[in-house]
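Peer 1: Right, I'll just put the structure down here and ask away after.
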Amino acid sequence: MTPLQQALEAPVSDLAPPLGEDPTKHLIAPASEIFDEAAIRAEIAANLPDGADSRAVRRVTVDTLKTAISSGRKIIEDAFERAPLAARPAVVSYAFLTDGVIRTVLHVAQTYLHPNPNPTEGERIAVLAVGGYGRGEMAPYSDVDLLFLNPWKITPWAESLIESILYMCWDLHLKVGHSSRTVKDCIRLGREDYTIRTALLEHRFLVGDQAIAQELSKKLKSDLFKNTASEFIEAKLAERAERHRKQGGQRYMVEPNVKEAKGGLRDLQTLFWIGKYIHGVRDAADLVRMRLLRQDEYDDFVAAETFLMAIRNHLHIVAGRAMDQLTFDMQVEVAKRMGYVDKAGRRAVEFFMQDYFRHATTVGELTRIFLTALEAKHVKKAPSLVNFFRRRRKVNVQYTIKQNRLTVTRQKPFLADNLNLLRIFDEALRTGYLLHPDAMRLISANLHLIDDTMRTSAEANRIFIDLLLKRGNPERALRRMNELGVLAAFVPEFAPVVAMMQFNMYHSYTVDEHTIQCISTLAQIERGELVEELPVASGILKRGVNRKVLYAALFLHDIGKGRPEDHSVLGAQIARKVARRFGLKQDEVETVEWLVRYHLLMSDMAQKRDISEPRTVRDFAKAVKTQKRLDLLTVVTVCDIRGVGPDVWNNWKAQLIRALYWQTSSALEHGLEDVNRETAEKEAKKALRAALSDWQSKPLRTETARHYGTYWQGLPSEAHVIFANLLKDIADDEIRIDIKPDDDRDATRVCFALADHPGIFARLAGALALVGANVVDARTYTSSDGYATAVFWIQDADGAQYEAARLPRLKSMIRKTFKGEVLPRKSLADRDKLKKREKAFNVATSITFDNEGSDIYTIIEVDTRDRTGLLYDLARTLAEANVYIASAVIATYGAQVVDTFYVKDMFGLKFHAASKQKTLENRLRAAILDGAKRALDK
């Protein structure tokens with residue numbers, strides 16, 4: 004007899020109470036306060052008028068039970084608020100409350116609505132709880148899944164009884180899932196559908212004919228569960244994989260679904276289901292007895308389950324409905340309810356989410372250990388060698404292969420040399436094998452062996468650097484080292500960022516996962532997998548760079564996060580110390596320190612400054628100094644942006660980074676003096692003449708003479724051609740518009756030509772906002788003969804090109820705005836509101852004036868919370884102050900936006916006076932506050 008068959012033959016108490024010997028033992032409050040079933044029944048009976056018809060019976064029952072449910076929930080909620088981590092007593096209490104309601108409803112239906120004192124054999128009925136409710140665990144607004152079990156085909160009396168029960172449950176606003184079946188139906192449907200089979204696995208008798216329920220338990224075991232464990236496990240694991248895929252496939256998503264996400268409650272429940280299916284366990288503690296988990300692992304199971312259950316309960320209570328998505332706004336509220344507070348420069352919600360991700364990681368580890376233990380019992384299939392066969396090699400003598408995974412041959416010799424705690428990860432990469440949970444258990448249990456002596460050991464640091472450089476897929480080793488605690492133990496400076504959430508809408512991952520994603524991107528570039536997407540970075544790596552410096556800098560670039568100080572400055576200080584420990588040479592250490600200190604420089608310059616402005620390129624070139632540093636910083640920047648989230652890197656950012664790279668590279672090669680307006684103007688006019696070779700000389704001379712130098716230097720040649728055609732023979736009262744997709748930038752380019760007048764930029768920005776267009780870049784120029792040329796690059800709300808079908812409305816809105824038929828300020832007031840999930844973010848407003856970054860403009864940088872109509876509000880405010888806007892660069896980071904304006908005063912001068920700057924700043928802040936108040940009040 005196999006271990007599986009032996010387990011299935013073991014006696015199990017089929018109908019044991021779900022809450023132990025005393026079903027009220029584990030409640031969060033006294034049972035009589037939560038739901039006094041006898042008193043409720045008596046109250047219903049007392050309130051029924053003589054000769055009450057069915058409608059009156061239902062009304063009295065529902066009214067009485069509504070009051071009782073509300074009271075019971077309040078009792079549980081109050082107790083839970085006093086003990087916000089008492090999740091198990093809370094879920095048991097909600098199940099207890101629901102049990103009482105269902106039994107009372109059945110009592111009323113049988114006693115008053117459908118009395119049947121002498122039922123026939125075929126009229127027997129049992130009511131069972133199934134699914135999560137059957138497990139005796141309920142969040143405040145969980146589904147109430149009921150199985151009405153009949154011996155044979157359902158009778159008219161039973162059908163009427165069930166109908167009355169359901170109507171009363173619906174009147175009570177219970178979310179009831181129900182089915183009416185015979186035992187044979189249950190077995191047949193359970194064979195066909197694993198969801199039904201899982202629900203039946205957790206059935207629990209509530210009320211009615213107990214003999215039918217006992218028969219179901221017996222038949223499920225003998226006719227459905229027996230000898231089908233392997234197929235059930237494979238089905239549950241396939242279901243789990245699909246569920247993870249739908250939830251984003253990552254454990255570290257910043258708005259996780261606490262029930263369905265990777266590392267969530269459903270993963271823990273899956274382990275319990277499998278244990279119950281195979282071994283008939285009644286409680287997770289039995290998994291220890293069955294040697295599927297160790298006691299310390301079971302303790303971790305309970306801690307994770309308690310924490311996740313507590314979150315789910317708080318989510319339901321706050322939302323007043325079923326709610327499992329831990330959205331940004333809910334994270335703040337739940338963190339507060341669970342007792343987290345702000346400290347050390349970090350918000351309470353960030354500490355809360357860090358704990359969440361640590362528990363989610365624990366769930367992942369438990370899952371691996373549990374499933375491998377099943378393989379050892381020959382219940383689950385071992386992983387196939389097919390996909391890895393070609394790259395697997397013979398393992399070192401101190402290792403062995405167990406269930407197609409790498410583990411340690413003998414523990415004592417292995418632990419005698421603490422460097423083996425690093426070498427095993429290199430061996431796994433070298434051979435292509437995954438680590439066996441036995442090895443993972445051994446490593447995590449002996450992290451204390453990683454001491455200061457080991458951390459400063461040249462050999463240990465060589466092994467670590469080789470993990471990054473020599474095997475081609477360092478992310479696999481880093482992720483496993485991180486999950487087992489090895490990274491934090493070997494590089495203690497990394498420990499604070501483990502599972503650290505960045506509470507914003509920009510970053511999709513925790514800091515540690517973001518770091519690993521960055522290194523994964525770098526490895527992909529090195530493997531030649533991103534040549535088409537990242538031609539510049541791929542070319543840099545192909546030509547050759549110091550890989551040790553590059554990998555060390557990426558690993559350390561965010562290591563300063565989570566403290567009050569600027570993370571780039573603090574990170575550079577930490578990087579200097581750690582890079583030395585890693586064994587880098589002095590010049591390499593200095594380069595790593597510089598890269599960490601300035602890892603945001605290129606991104607900021609490209610996205611927050613006008614890179615067509617010569618001063619921008621000159622200043623950036625002065626900062627990087629050498630081609631070597633430019634190459635390294637470019638690769639770090641690309642990997643950093645791509646590592647933020649799956650949809651952050653796009654053609655727009657790619658075009659900006661590439662343009663800045665090539666312009667800076669040219670400046671470093673040919674000299675900074677070559678980067679000037681005169682050179683750009685001369686080349687632009689030459690290109691225009693070539694493009695308009697069919698024009699007569701007089702109109703061509705007019706076109707090249709009418710524009711100032713900033714126009715020629717600030718736009719691409721293609722735009723010059725478009726504007727030349729728009730301006731040709733234009734009337735003073737005419738607005739000409741050219742709209743084309745700009746595939747290179749993932750945006751739509753909108754060019755305007757019209758007679759110049761004050762506030763043009765603001766009015767155009769308002770018209771674009773009214774049609775839902777997000778401006779990502781803009782330029783406006785005035786010609787010497789009184790015409791304005793403006794170009795806006797716009798995207799839709801998803802960061803893609805503006806839909807062609809919406810372009811006619813866009814043109815119409817622009818014309819109506821300039822005719823005064825539509826007033827953006829009034830129209831936007833009704834639309835300018837924040838989504839609920841966005842209100843949780845605190846984005847401080849910062850306004851700076853820079854007179855050094857441009858030769859002829861003052862640069863005003865406004866860093867604040869993003870919202871619809873913000874650009875219009877800022878532009879209108881500047882226009883009302885007689886400020887001329889030459890260009891605007893918009894960089895969005897989730898809920899945060901940086902709007903950068905290149906401006907002059909009405910006399911064409913910079914804003915040097917501190918008093919003028921302060922006046923403008925006050926006006927801009929007032930506009931931001933007014934808009935924010937509108938957005939938050941709605």
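Numbering (our numbering), first residue to last: 4 to 941. By construction, the Cβ of each residue, glycine as well, lies at the ideal position given by its N, Cα and C atoms.
Looking at C-alpha atoms only, which residue of Lys731, Arg44, Phe755 and Asp749 is the closest neighbour of Asp741?
Peer 2: Phe755
Peer 1: Drop a sphere of 10 angstroms on the beta-carbon of Glu486, count the other beta-carbons inside from all chains shown, and report buried for 16 or more, exposed for fewer.
Peer 2: buried
Peer 1: Got a sec, what are the start and stop residues for the beta strand (DSSP E) Thr158 sits in?
Peer 2: It is not in any beta strand (DSSP E) - Thr158 carries neither H nor E in the DSSP assignment.
Peer 1: Just the Cα atoms here: how many angstroms apart are Tyr136 and His439?
Peer 2: 35 Å
Peer 1: Would you mind reading off the limits of the beta strand (DSSP E) that contains Trp796?
Peer 2: Tyr790 to Gln798
Peer 1: Can you have a look at Trp3 and say buried or exposed, based on whether 16 or more other CB atoms are within 10 angstroms of its CB?
Peer 2: Absent from the model: residue 3. The displayed extent of the chain is 4 to 941, so no value can be given.
Peer 1: For Ile468 versus Gly586, is the C-beta distance shorter than 8 Å?
Peer 2: yes
Peer 1: Would you please state the rounded distance, in angstroms, between the beta carbons of Trp155 and Gly180? I believe it to be under 8 Å.
Peer 2: That pair is no contact at about 23 Å.
Peer 1: Would Leu663 and Ile738 be called neighbours here (beta carbons separated by less than 8 Å)?
Peer 2: no
Peer 1: Would you list, in sequence order, the uninterrupted beta strand (DSSP E) runs of no fewer than 3 residues that lie entirely inside the region 754 to 825?
Peer 2: 777 to 785 and 790 to 798
Peer 1: Could you give the distance in angstroms between the alpha-carbon of Leu223 and the alpha-carbon of Met141?
Peer 2: Distance between the alpha carbons of Leu223 and Met141: 24 Å.
Peer 1: Quick check on the DSSP output: what are the complete alpha helix (DSSP H) runs of length 4 or more inside the region 595 to 629, in order along the chain?
Peer 2: 604 to 611 and 617 to 627
Peer 1: Among all the DSSP beta bridges, which residues are the ones paired with Thr895?
Peer 2: Val900
Peer 1: Just mark Met909 as buried or exposed, buried being the case when its beta carbon has 16 or more other beta carbons within 10 Å.
Peer 2: exposed
Peer 1: Could you tell me which residues DSSP pairs with Gln328 in its beta bridges?
Peer 2: BP columns for Gln328 point to Asn260.
Peer 1: Just the C-alpha distance for Lys688 and Ala670, rounded to the nearest angstrom, thanks.
Peer 2: Taking the straight line joining both Cα atoms gives about 21 Å.
Peer 1: My guess is that His928 and Thr848 are in contact by the Cβ rule of under 8 Å, so how many angstroms apart are they, rounded?
Peer 2: As written in the sequence, residue 928 is Arg, which differs from the His given in the question. Confirmed, Cβ separation roughly 6 Å.
Peer 1: Could you give the first and the last residue of the continuous beta strand (DSSP E) run that contains Val411?
Peer 2: Arg408 to Val411
Peer 1: I'd like to know whether the C-beta atoms of Leu422 and Ala463 end up nearer to each other than 8 Å.
Peer 2: yes
Peer 1: Flag this pair as touching only if the region 846 to 865 and the region 811 to 825 have three or more C-beta atom pairs under 8 Å; answer yes or no.
Peer 2: no
Peer 1: For the alpha helix (DSSP H) holding Phe151, just list the boundary residues, first then last.
Peer 2: Segment Val147 to Asn153 is the beta strand (DSSP E) holding Phe151; no alpha helix (DSSP H) there.
Peer 1: Could you check how far apart the C-beta atoms of Asn777 and Gln804 are, in whole angstroms? I think they sit under 8 Å.
Peer 2: With a Cβ gap of about 11 Å, Asn777 and Gln804 do not count as contacting.
Peer 1: Within the same chain, show all residues whose beta-carbon is closer than 8 Å to that of Leu659, passing over the 5 residues directly before and after it, in chain order.
Peer 2: Sequence-distant partners of Leu659 (beyond 5 residues in either direction) whose C-beta falls short of 8 Å from its own C-beta, in its chain, are Ala609, Gln610 and Ile614.
Peer 1: Return the CA-CA distance between Arg937 and Ala772, expressed in angstroms with no decimal places.
Peer 2: 16 Å
Peer 1: I need the DSSP call for Leu587, collapsed to helix, strand or coil.
Peer 2: coil
Peer 1: Please list, in chain order, all residues of the same chain as Ile314 whose beta carbon is under 8 Å from its beta carbon, the five residues on each side excluded.
Peer 2: Val261, Leu329, Val337, Met341 and Tyr359
Peer 1: Have a look at Val389 and Asn407 and give me their C-alpha separation to the nearest angstrom.
Peer 2: Any reading at Val389 must be qualified, since the residue scores a pLDDT of 42, below 50, and its modelled position is unreliable; no value is offered.
Peer 1: Just curious, the beta strand (DSSP E) that Asp853 is in, first and last residue?
Peer 2: Ser849 to Asp853
Peer 1: Please report the distance separating the alpha-carbon of Gly542 from that of Val534.
Peer 2: Taking the straight line from one Cα to the other gives about 8 Å.
Peer 1: Could you please give the first and the last residue of the uninterrupted alpha helix (DSSP H) stretch that includes His282?
Peer 2: According to the DSSP assignment, His282 belongs to the alpha helix (DSSP H) that extends over Leu268 to His282.
Peer 1: Is the beta carbon of Ile372 closer than 8 Å to that of Glu80?
Peer 2: No, the pair does not count as a contact, with Cβ atoms beyond the cut-off.
Peer 1: Report all residues from its chain with a CB closer than 6 Å to the CB of Ala129; omit the five preceding and five following residues, and keep chain order.
Peer 2: Leu152, Gly211, Asp212, Ile215 and Ala216
Peer 1: For Ser786 versus His710, is the C-beta distance shorter than 8 Å?
Peer 2: yes
Peer 1: What residue does the alpha helix (DSSP H) around Thr70 start on, and which one ends it?
Peer 2: Ser57 to Arg85
Peer 1: Between the Cα of Glu430 and those of Ser447, Arg444 and Val411, spot the shortest distance and give me the residue it belongs to.
Peer 2: Val411
Peer 1: Does the region 360 to 371 come close enough to the region 303 to 313 to have 3 or more Cβ pairs within less than 8 Å?
Peer 2: The region 360 to 371 makes contact with the region 303 to 313: 3 or more CB pairs, one atom from each, lie closer than 8 Å.
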